[in-house]
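In our numbering, the protein residues as written are 2 to 1109.
For glycine and all other residues, C-beta sits at the position ideal for the given N, C-alpha and C.
Read the structure below first, then the notes.
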């Protein structure tokens, strides 16, 4: 019975394509029962997950068995190698043969059982060394220490113990390592592990250096004429060891030497397969290292040299398909390697990227299938016994299972050779799906060409992929791909390519019974057979069979499938888009204006059918309207037919250019409706193919017709005048009047008059027709306020001049429409309001005429409002406190080009604010003028709040439509608590040498007693009586008055005596700086002192002396 061998030997083994890392064995960890050991092992595993591995950690259990050690040969003089490269050698060093083994042991320096544990640890290390006897594997010891590091004074103890442990374990002092593990170092575990990994890697380098020295020693004893295979094998080993160390330059040098040694081997039919396989593996290593070393040009050159060297080394001619499979695999593997390098940052270009190599892989796979078809056609059975038995257990790469380990000089067994070749041919014939392999390569190539923006190469590969789907009998996917490419090639006018693709696409549509696709493709193919198949499908019959491939089909099954699909409702109405230059009917159109100002459409048609064809209808789409040109139209073969119809424009077409977008020919039977939709392009050059055959007479007649696809619709001479008056610009939020006046200028009445107002940007604009409603200040919820568009009969807007349903000669209508804009227009832009009047003329009442005009409306602000905030001393403030007077000062700056009248202003404040005083503004403002008002308020509570809303009622100077209300929200501020407040009751002014009384009031808003010192400083400008310095206690929510009688000595703006408050007690939220800031903010620093009138000064002085 035939086995199931791993037939595809050209798949590169996983151990070859994986980055080789030294194996570091970890032993002594009980990851199942010990949580600390489990965490340590997880820390080493996390290095691999973080893409930072230097070595490959492998957990070694007590039951682990190391690979059997091969006995050393005393001499290679009589040794004849049986192959080049052993299959299990790379896997052994990458996964099974550790370069270093690390013994982990729990032992602290101050462990009370130090002696016993030291003996146990040494016993384990010696046992491990005994197991590894005869190998170069390095052994190291790592102590897991849970206690904190020893104090500096006890370091000598740790040093003595470590020396004793090293001596008893017979270890190198560098191979004793520590791993701290406790709660304080848990977060640093990853750092310790990374440091240990670096140390382990250095040990591995020592191990591989020793192996390289041993290989060089063996290599020096070889004879080149006898041991050519061993030269390659030993050089490959040195390269692999260097790669394991991470020395990529040295590894590439050794791989290159091993590759060049193939020149010393005489290649025959018996060893060519093995040489090609091993050479391709070494080439893969060389190229991958060159990419890692950032030498992409050398990598590409190396690959091309490799292919050029072996592309003509076919081997056995009966296995030629193997050679093409090998070449295909070389290109595919190199493309994969190239692509992965690009993903890691290597730049590529349109001229050099992996897509070309995937394409070559597909090409050689096609050659492989061709060789298979010619060489394997006669193979009908698999030989017995199975010559491929044991192919998965061969010792060497690339050898044949029926002659393993045979030298190339030995004559092969003819019968085994015949059976082996027959087995390979039978597997190639029955087990390999070439189309799927080709499609995979083509898909990868398409992705690359698409990435590097090569659209034509991508389309070429799509067609190749479609042919492969067709070859593999996947007709649906083949039809989908070909249909997409047909559309692209039609747009690009590749007529011959369209002809080449249409026939296989039509074959796919036939075998899949795709009704719509079949009708579409049949109209694009050979015009001689089009009518027959078209008629059969339209009458619910299966079309004639098409033979494109050598695939056999059951016609009865196809007929059942066609009947089923023809009966579907989706196929009852089919629309096919046609292009005039590549269709069964040529179409041209001319849209002109005749002498009577009528718009005429002329359609020219020429049929390529071999018999006359009758179409049920001919229609054209002009703009957004459909025009039926004629019905029951018969087209003789190869004759020019002309059809004309009048096109009546709609009102929406006036002052626009209308274009013929497509022409539709309808073909209808009792079972199906088919619409041929010919797309009309504006540029006539786009309708021309890239090449033209010799023209016949009918071709010349058709080519002499110059198409005209567009015409500009001009309105008739208007019999109505439309006058619009308004004062631009409009002011924001005002009702803006627009006067519309209509006058009949014709000599006869006009009827069916209507007025339509539209605004393209109507989001921020309101409309009203009644002046009584716009005078109402509260018009936001007014039912008379509407939105655009406005459509009214003229009689609904204003009374007629002469009554009846018509506007007589010279008749006039006038109406006023009010608009209100809630947003300003940007500078240089305007609101556009379209005004259109529709009416019917006496001469032709059925035709609706229009008159249009546009109003460009600029909207500007009437004024700008800003606000400032002042203290009692009229100083600007930025910090607000509760229970403190604040002056709000709004400023109105007129920016309107028209004069405006401010009727009223007021500030609406929330409940948490008290209004002390407010001034209002009522006056007229011109552009550039400004007015201000002021309000004194006190904020009750410390919190974040809005200070209120400032409202202005205004109107245009000459407007009678009522006032407009504009509101602006005052800023939101953070109000801070005021622990202590000081106010001053002060006269408006004083007189020189005239006493006056001032009163300071200090108020405590805290919940605790405040102790302060009040100081009244001396001043040269005043004589005063009262407390100069006093200490008081202010109880919560109470105030204290300080009255002083002052006597001015100087006139003018004089500084008041300094009043200071010193804080003597500590309170939360109250500091001396807070009090100083409050003093500056709350009380005035100066007062105006007037001079005494003459004659009064002496008497007042006498009175003052008497009072004293």
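Residue pairing by DSSP puts residue 955 in a beta bridge opposite 903 and 965. Going by C-alpha positions, residue 957 is about 21 Å away from residue 891. With distances taken between CA atoms, residue 204 lies nearest to 139 out of 111, 490, 139 and 1020. With a contact defined as Cβ atoms closer than 8 Å, residue 883 and residue 976 qualify at about 5 Å. Of all C-beta pairs linking the region 535-548 to the region 508-516, three or more are shorter than 8 Å, placing the two stretches in contact. With respect to the 8 Å criterion, residue 100 and residue 181 are not classified as neighbours on the basis of their beta carbons.
Considering only 619, 667, 587 and 622, the residue with the shortest C-alpha distance to residue 609 is 587.
The C-beta distance from residue 703 to residue 607 rounds to 5 Å, short enough to meet the 8 Å contact threshold.
The C-alpha of residue 836 lies about 53 Å from the C-alpha of residue 481. Residue 886 is a Cβ neighbour of residue 917, given a cutoff of 8 Å. Straight-line spacing of the CA atoms in residue 1040 and residue 966 works out to 44 Å.
Residue 201 and residue 42 have their alpha carbons spaced roughly 15 Å apart.
The C-beta distance from residue 850 to residue 808 rounds to 13 Å, too long to fall under 8 Å, and the pair is not in contact. Every unbroken stretch of the alpha helix (DSSP H) spanning 4 or more residues and falling wholly within the region 389-454 is given here in chain order: 415-431 and 435-452. Within the model, the alpha-carbon separation for residue 985 versus residue 1064 is close to 19 Å. In the displayed model, residue 923 falls within coil according to three-state DSSP, outside both helix and strand.
Taking the Cα of residue 936 as reference, the smallest distance to any Cα among 454, 910 and 947 is reached at 910.
With respect to the 8 Å criterion, residue 1003 and residue 983 are classified as neighbours on the basis of their beta carbons. The shortest C-alpha to C-alpha distance from residue 459 to any of 357, 380, 401 and 174 is the one to 357. Annotation: residue 177 to residue 38 spans about 18 Å, alpha carbon to alpha carbon. Separation of residue 866 and residue 934 (C-alpha to C-alpha, rounded to the nearest whole angstrom) is 11 Å. Look at the beta carbons and you see the region 1027-1037 not touching the region 1071-1082: under three pairs across the two are nearer than 8 Å.
Comparing C-alpha distances from residue 952 to each of 893, 659, 471 and 927 shows the shortest one belongs to 893.
Annotated three-state conformation of residue 33 is coil, per DSSP. In this structure, residue 399 and residue 279 form a Cβ contact; the two beta carbons are roughly 6 Å apart against a cut-off of 8 Å.
Following the DSSP letters along the chain, one finds residue 308 inside the alpha helix (DSSP H) bounded by residues 297-311. DSSP lists no bridge partner for residue 84. In the structure shown, residue 381 falls within a coil segment according to DSSP collapsed to helix, strand and coil.
Residue pairing by DSSP places residue 865 opposite 894 in a beta bridge. For residue 1053, the uninterrupted beta strand (DSSP E) segment begins and ends at 1053-1056. For residue 724, the secondary structure class from DSSP, reduced to helix, strand or coil, is strand.
With the rule of 3 Cβ pairs closer than 8 Å, the region 228-248 counts as touching the region 82-92.
Rounded to the nearest whole angstrom, the C-alpha separation of residue 236 and residue 219 is 11 Å. Under a 10 Å Cβ-count criterion, residue 388 is classified as buried, with 16 or more other Cβ atoms of the shown protein chains found around its own Cβ. Residue 592 is positioned such that its CB atom lies closer than 8 Å to that of residue 712. Its Cα nearest to that of residue 504, the residue 519 stands out among 492, 519 and 494.
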